[in-house]
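What follows is a single structure, written as structure tokens, with notes after it.
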Amino acid sequence: MILQTEPLCQSSDSNESWQQALASAVTDPRELFELLSLEPAAMPGALAATDSFPLRVPRSFVARMKKGDWNDPLLQQVLPVARELEVQPGFSDDPLAEQGSNPLPGLIHKYQSRVLLIVSGGCAVNCRYCFRRHFPYNDNNPGRQQWTEVLDYIAADPSINEVILSGGDPLAASDKLLADLVGQLQRIPHLTTLRVHSRLPVVIPQRINEQTLQWLSGGRLQPVLVIHSNHANELDQPVRRSLAAAKEAGVTLLNQSVLLAGVNDSAPALKALSERLFACGVLPYYLHLLDKVAGAAHFLVNEPRARDIMQQLLASAPGYLVPRLVKEQPQQHSKTLIPLNA
Ligand SMILES: *Cc1c(COP(=O)(O)O)cnc(C)c1O
Ligand code: SF4
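Numbers 41 to 382, taken from the numbering used here, label the letters of the sequence shown in order.
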């Protein structure tokens, strides 16, 4: 493995707790523009777009962006823009119709053998393309009583062997809450696997600490962490160190991305991402076609173009660095694989 050399102490950020990093995220577009020396002409659009979906981006993520560059692939993911407000046919508030597979608050049971628990409605970063941008989180923030119902539901269905902690971002919840919940899940005998889907290890890498690894990999459930990275520039040295610690603790590390126009919609960008992931001990898992959520139309890469990019990737990278191209369709029992030679 080729380790890039870099200064030992990049910034004072490295001693900040993850809670501080979360709390001090940039939420005012004016500050983001200032930090990145961006021209103020796009400010009215940015402000208008934050009315329905606020800006939120941790400072260490901003620090990985290039100043003065509108096209920075990290900035593109978080920048509120006027185009979000245009109504586009085919783009809706609940593109996955998940609100119908929600038997209890906090639980989504759509696929056989696994359930998704919405552990936290919050996120460390608000991704403008997010399919959950209109999800009714406030109805899905279970209190203790509701967790009892969720645990009973899982305990009563032996066909479920895997629990996926999701959100929002599950790692926005405290280690104490997560350790409690996982402790209870471990007592359900038919469960074998604990999976966490989170963007936090990428945007605030110090989120992965000893306590986290304790509940994640210290018990009897097989631990899987699916991170969410869309571009190689997100994966800097602090991220690599956190992932190395997780790997050392026996966690299987996977990545899912969304194919996003202006961010990663080329074979070289995806190849660089896969190679950087691999250097961090992570294998690519899924590459999602954009869910058609209102406000995200400007990120759309259509299916023929997506297939074309994937064919180029296949021709230039080893098979294990090629993610599965998928889309999520309402009423299906799995992600839908997109055939590359159709
Ligand atoms: C994506 C998803 C899963 C996990 O699917 P895998 O193919 O196992 O990664 C589970 N439940 C829901 C509702 C999902 O959207
Ligand atoms: S759920 Fe994931 S993609 Fe959506 S805003 Fe949160 S971190 Fe971003």
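The C-beta atom is built at its ideal place from N, Cα and C for all residues, glycine as well. Computed from a predicted model, the values in this text were never measured in an experiment.
Fill in: Straight-line Cα distance separating Arg99 from Asn273
Residue 273 sits at position 233 when you count from the first residue of the sequence shown. Residue 99 sits at position 59 when you count from the first residue of the sequence shown. Spanning the two alpha carbons is a distance of roughly 15 angstroms.
Worksheet item: Is His149 closer than 8 angstroms to Pro198 when the C-beta atoms are compared?
Response: As a first step, residue 198 must be located in the sequence shown, where it is residue number 158. As a first step, residue 149 must be located in the sequence shown, where it is residue number 109. No. Outside cutoff.
Discussion item. Can you look up Ser306 in the DSSP assignment and give me helix, strand or coil?
Written reply: The count along the sequence shown starts at 1 and reaches residue 306 at position 266. The answer is coil: DSSP assigns Ser306 none of H, G, I, E or B.
Item to complete: Round the Cβ separation of Cys320 and Leu275 to the nearest angstrom and send it over; I've been treating them as touching at under 8 angstroms.
Response: Here residue 320 is taken as the residue at index 280 of the sequence shown, counted from 1. Here residue 275 is taken as the residue at index 235 of the sequence shown, counted from 1. That pair is a contact at about 6 angstroms.
Discussion item. Looking at ligand 2, does it come within less than 7 angstroms of Asp209, judged from the CB to the closest heavy atom?
Written reply: As a position in the sequence shown, residue 209 is number 169, starting the count at 1. Yes, the beta carbon of Asp209 sits closer than 7 angstroms to at least one heavy atom of ligand 2.
Practice prompt. Determine the direct distance from the alpha carbon of Ala346 to that of Leu293, and round the result to whole angstroms.
Written response: By one-based count along the sequence shown, residue 293 stands at place 253. By one-based count along the sequence shown, residue 346 stands at place 306. C-alpha separation (whole angstroms): 25 angstroms.
Practice prompt. Helix, strand or coil for Lys332, going by three-state DSSP, please let me know.
Written response: Counting from one through the sequence shown, the residue named residue 332 turns up at place 292. Coil, per DSSP.
Discussion item. For the pair the stretch 143-159 and the stretch 204-222, tell me if three or more CB-CB distances fall below 8 angstroms.
Written reply: Yes, the stretch 143-159 is in contact with the stretch 204-222.
Discussion item. Quick check: does the Cβ of Leu204 come within less than 7 angstroms of any heavy atom belonging to ligand 1?
Written reply: Taking the sequence shown and counting its residues from 1, the one referred to as residue 204 is at position 164. It is worth fixing the name first, because residue 204 is Ile in this sequence and not Leu. Result yes, Cβ under 7 angstroms from ligand 1.
Worksheet item: Is the Cβ-Cβ distance between Tyr169 and Leu354 less than 8 angstroms?
Response: Translated into positions along the sequence shown, residue 169 becomes position 129. Translated into positions along the sequence shown, residue 354 becomes position 314. It is not a contact, given that the beta carbons lie outside the stated cut-off.
Worksheet item: Can you name the residues that DSSP bridges to Gly207?
Response: In the sequence shown, residue 207 corresponds to position 167, counting from 1. In DSSP, Gly207 forms a bridge with Ser160.
Item to complete: Compute the Euclidean distance between the alpha carbons of Ser57 and Pro379, then round it to the nearest angstrom.
Response: Walking along the sequence shown from the start, residue 57 turns up at place 17. Walking along the sequence shown from the start, residue 379 turns up at place 339. Their Cα atoms are separated by approximately 44 angstroms.
Discussion item. Taking the straight line between their C-alpha atoms, what separation do you get for Gln224 and Arg154?
Written reply: Position 184 of the sequence shown, counting from 1, holds the residue named residue 224. Position 114 of the sequence shown, counting from 1, holds the residue named residue 154. Cα to Cα, the separation comes out at about 17 angstroms.
Fill in: Closest Cα partner of Ala123 within the set Leu265, Asn111 and Ala334
For the purposes of this step, residue 123 is taken as residue 83 along the sequence shown, with counting starting at 1. First, the residue type needs correcting, since residue 123 is Arg and not Ala in the sequence shown. With distances taken between CA atoms, Arg123 lies nearest to Ala334 out of Leu265, Asn111 and Ala334.
Discussion item. Between Ile228 and ligand 1, is there a pair consisting of the residue's CB and a ligand heavy atom that are separated by less than 7 angstroms?
Written reply: Here residue 228 is taken as the residue at index 188 of the sequence shown, counted from 1. No, the beta carbon of Ile228 sits no closer than 7 angstroms to any heavy atom of ligand 1.
Practice prompt. Would you kindly work out how many angstroms separate the C-alpha atoms of Tyr360 and Gln185, rounded to a whole number?
Written response: Here residue 360 refers to the residue found at position 320 of the sequence shown. Here residue 185 refers to the residue found at position 145 of the sequence shown. Looking at the two C-alpha atoms, the distance is approximately 43 angstroms.
Fill in: Cα-Cα separation, Phe339 to Leu75
The residue you call residue 339 lines up with position 299 of the sequence shown. The residue you call residue 75 lines up with position 35 of the sequence shown. Rounded to whole angstroms, the gap between the alpha carbons of Phe339 and Leu75 is 24 angstroms.
Practice prompt. Would you check if the distance between the CB atom of Ala301 and the CB atom of Val341 is smaller than 8 angstroms?
Written response: Counted from its first residue, the sequence shown places residue 301 at position 261. Counted from its first residue, the sequence shown places residue 341 at position 301. Contact check for Ala301 against Val341 passes: the beta carbons are separated by less than 8 angstroms.
Practice prompt. Would you mind working out which of Gln369, Ala309, Pro344 and Ala357 sits nearest Leu114, comparing C-alpha positions?
Written response: Counted from its first residue, the sequence shown places residue 114 at position 74. It is Ala309 whose Cα lies nearest to the Cα of Leu114.
Item to complete: Measure from the alpha carbon of Thr233 to the alpha carbon of each residue in Ala213, Gly290, His271 and Ser77, then state which is nearest.
Response: If you number the sequence shown from 1, residue 233 lands on position 193. Put simply, of Ala213, Gly290, His271 and Ser77 the residue whose alpha carbon is nearest the alpha carbon of Thr233 is Gly290.
Discussion item. Checking 8 angstroms against the spacing of the C-beta atoms, do His271 and Leu299 come in under that value?
Written reply: One-based indexing of the sequence shown puts residue 271 at position 231. One-based indexing of the sequence shown puts residue 299 at position 259. No; because the gap between Cβ atoms is not below 8 angstroms, this pair is not in contact.
Fill in: Cβ neighbour criterion (16 or more within 10 Å) applied to Pro143
Here residue 143 is taken as the residue at index 103 of the sequence shown, counted from 1. By the 10 Å Cβ count, Pro143 comes out exposed.
Worksheet item: What are the boundary residues of the beta strand (DSSP E) that includes Val236?
Response: Position 196 of the sequence shown, counted from the first residue, corresponds to residue 236. Taken as a continuous stretch (DSSP letters only), the beta strand (DSSP E) holding Val236 covers Thr233 to Ser238.
Worksheet item: Terminal residues of the continuous beta strand (DSSP E) containing Gln277?
Response: The residue given as residue 277 occupies position 237 in the sequence shown. Counting along the chain, Gln277 falls outside any beta strand (DSSP E), though it belongs to the alpha helix (DSSP H) covering Gln277 to Glu288.
Fill in: 3-residue-minimum beta strand (DSSP E) runs that sit fully inside the stretch 307-374, ordered along the chain
Secondary structure within the stretch 307-374: the beta strand (DSSP E) runs of 3 or more consecutive residues, fully enclosed, are 323-328 and 364-367 (chain order).
Worksheet item: Taking 7 angstroms as the cut-off, does the CB of Ser297 come closer than this to any heavy atom belonging to ligand 1?
Response: Stepping through the sequence shown from its first residue, residue 297 is reached at position 257. Ser297 Cβ: outside cutoff for every heavy atom of ligand 1.
Item to complete: Check whether the Cβ atoms of Leu313 and Asn304 sit closer than 8 angstroms, and answer yes or no.
Response: Indexing the sequence shown from 1 puts residue 313 at position 273. Indexing the sequence shown from 1 puts residue 304 at position 264. Taking 8 angstroms as the cut-off, the Cβ atoms of Leu313 and Asn304 count as close.
Discussion item. Please tell me whether Val242 and Ser214 are closer than 8 angstroms, where the distance is taken between their beta carbons.
Written reply: Position 202 of the sequence shown, counted from the first residue, corresponds to residue 242. Position 174 of the sequence shown, counted from the first residue, corresponds to residue 214. Contact annotation: Val242 and Ser214 have beta-carbon atoms that are not nearer than 8 angstroms.
Fill in: Where Tyr193 falls: helix, strand or coil (DSSP)
Within the sequence shown, numbered from 1, the residue matching residue 193 stands at position 153. DSSP places Tyr193 in the helix class (H, G or I) of the three-state scheme.
Worksheet item: Does the Cβ of Tyr151 lie closer than 7 angstroms to at least one heavy atom of ligand 1?
Response: Translated into positions along the sequence shown, residue 151 becomes position 111. The beta carbon of Tyr151 sits closer than 7 angstroms to at least one heavy atom of ligand 1.
Worksheet item: Quick one: Cα of Pro135 to Cα of Arg247, how far?
Response: Here the question's residue 135 lines up with position 95 in the sequence shown. Here the question's residue 247 lines up with position 207 in the sequence shown. Answer to the nearest angstrom: the Cα atoms are 30 angstroms apart.
Fill in: Residue range of the alpha helix (DSSP H) that includes Val266
The sequence position of residue 266 within the sequence shown is 226, counting from 1. Careful: Val266 lies outside any alpha helix (DSSP H), inside the beta strand (DSSP E) at Gln262 to His268.
Practice prompt. Starting from Lys150, follow the beta strand (DSSP E) in both directions and report where the run begins and ends.
Written response: On the sequence shown, residue 150 is found 110 positions in, with the first residue counted as 1. DSSP places Lys150 in the uninterrupted beta strand (DSSP E) bounded by Leu147 to Tyr151.
Practice prompt. Answer yes or no: the CB of Lys375 versus the heavy atoms of ligand 1, is any distance below 7 angstroms?
Written response: For the purposes of this step, residue 375 is identified with residue 335 of the sequence shown, where counting begins at 1. For ligand 1, at least one heavy atom lies less than 7 angstroms from the Cβ of Lys375.
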